[in-house]
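The numbering of the sequence shown is our numbering, which starts it at 16 and goes up by one. Below is one structure, written out as structure tokens, with a few remarks after it.
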Amino acid sequence: MRQLVGEFAEAVRDRLRDALAERRPSLDWETEHRIRRTPVDVVGRDSDRFVAVELEWRRADPANNTAKLFYYADDGDLDADEVVVCQLFSGYYDLEDVGVSSKREVAEFVGETAAESVERVSFHPLRLAIDPPKRGGDRPAGWQKRTDGTADEIASLL
Numbered sequence: 016m017r018q019l020v021g022e023f024a025e026a027v028r029d030r031l032r033d034a035l036a037e038r039r040p041s042l043d044w045e046t047e048h049r050i051r052r053t054p055v056d057v058v059g060r061d062s063d064r065f066v067a068v069e070l071e072w073r074r075a076d077p078a079n080n081t082a083k084l085f086y087y088a089d090d091g092d093l094d095a096d097e098v099v100v101c102q103l104f105s106g107y108y109d110l111e112d113v114g115v116s117s118k119r120e121v122a123e124f125v126g127e128t129a130a131e132s133v134e135r136v137s138f139h140p141l142r143l144a145i146d147p148p149k150r151g152g153d154r155p156a157g158w159q160k161r162t163d164g165t166a167d168e169i170a171s172l173l
């Protein structure tokens, strides 16, 4: 199925939200939750916990929104005893030979450093085993199963 990358990203985001709702039904799950002016891709919350999931497809600066989440948590905008930030990196951030791109390394460094300095916040960088298609390309085979596997990983952290 050929479509715009944004439409595919939304399909993955929505499937992830639904899979997390099945695995952790005690949390209320939604997409595009806004904190100030920053949209968070997937959020799960109850009276004690706030879970933020950021999907990184091809961003030039994947550290930006996640850094804002830590800033907002430190500033008191996230009213929860526990804040869990999961940052999912698509295959775009994998290097062909071995390892990950410097963009991902920097984003992980920022997330890990911020989590150490902001009370009640944890950070979990995860690989989303999907290579986003280029504009107009086909969805990769098995994307639903891979998205569900990522939901399993996130649910195990909660």
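For glycine and all other residues, C-beta sits at the position ideal for the given N, C-alpha and C.
- The Cβ atoms of ARG32 and THR46 lie closer than 8 Å to each other.
- For ALA156, there is no enclosing beta strand (DSSP E), as DSSP marks it with neither H nor E.
- Per DSSP, ARG32 is not a residue of any beta strand (DSSP E); the alpha helix (DSSP H) it occupies stretches across 20-38.
- DSSP places VAL66 outside any alpha helix (DSSP H); the residue lies instead in the beta strand (DSSP E), whose first and last residues are 64-71.
- By the criterion of at least three beta-carbon pairs nearer than 8 Å, the region 95-112 is in contact with the region 69-77.
- Annotation: the continuous alpha helix (DSSP H) that includes GLY126 extends over 117-132.
- With fewer than three CB-CB distances shorter than 8 Å, the region 112-131 does not count as touching the region 157-172.
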